[in-house]
Amino acid sequence: MWTGQDRPETDKIVQKRPKTDRFSAPFLIFLHLNQQNIYHPNDEFNKKARAKLKLWKDKVQISDWNLLLTRADVVKFVVVRHPLTRFVSVWDDHFCRNCDHPKDPFLEKKIILDDNAEYKISLPELAQAVVDQETSTDMFESQLNACRLCEIEYDYILKLETIDQDFPYLMAKLGRLDNSKELISPETVHRIKNANLYSFFFATLAPSQLNNLLQHYLRDLNLLGYTFNQAKKLIGGWE
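Numbering (my numbering), first residue to last: 3 to 241.
Set out below in structure tokens:
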């Protein structure tokens, strides 16, 4: 976890609903507030925590977002992840047999209508479309752009692969005494760290496709300190 300067104790967290990846948006922690509510629309959080949550749109107007980013009593942090596992997860979330895929005129031509097909588009086909820029959806946009990493001066940058350790540490560092571990789904942590699962999906890509995909996300890899072992089809940079 990268850390900026220390901050005093905090009481509330809210998040703007991400446009694309569910974790690729700034989180805000408001300081010196008396309320103990946690606002977060993320459906990766477990059911017990979700029962306590309210959506961002119910509390804060989106037009106020940029103003909030400039406030001195706000701590800003973002959660990022390895761009290749992010790519696979977005594909799995939006192109599985029963998933609602994005309305993209380019990808529509590649959609498989066979009810017996596990996915509406194969991972190799999607990888090729993204590399060739034959998609209009922003789901596969660089995290550098989606998270506004060069526009916002973040106090903390957390990696999703170690979120189960980093998030509780950050909350403790900022003075939160509630059980922040309850907000992180064990299933999510297990899936993120399942190297064999992602290695299996990476192996479905031709070496040239995998290399092109790495080049496509090269700025994310370099900026966020991630690596990739092409021989073993394993991600690195978060251990």
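By construction, the Cβ of each residue, glycine as well, lies at the ideal position given by its N, Cα and C atoms.
What span of residues does the beta strand (DSSP E) with residue i cover, start to end?
i, result
"N231", "T229 to N231"
"F258", "In the structure as shown, the chain starts at 3 and stops at 241, and residue 258 therefore has no counterpart that could be examined."
Is the CB-CB distance between residue i and residue j below 7 Å?
i, j, result
"H159", "V80", "A small correction: the amino acid at residue 159 is Ile; His does not occupy that position in the sequence shown. Closer than 7 Å, so yes."
"V82", "L176", "no"
"S210", "L236", "no"
"A129", "L207", "yes"
"D106", "T137", "yes"
"E127", "R99", "no"
"F142", "K122", "no"
"R193", "L146", "no"
"Y228", "H103", "no"
"V132", "D166", "no"
"D329", "V90", "Here the chain covers residues 3 to 241 and nothing more, so residue 329 does not appear."
Can you tell me whether DSSP reads residue i as helix, strand or coil?
i, result
"Y219", "coil"
"L236", "strand"
"L225", "helix"
Can you give me the start and stop residues for the alpha helix (DSSP H) that residue i sits inside?
i, result
"Q130", "L125 to V133"
"T87", "P85 to H96"
Q) Can you list, in chain order, the stretches of the beta strand (DSSP E) that have 3 or more residues and sit fully within the segment 142 to 201? A) 158 to 161
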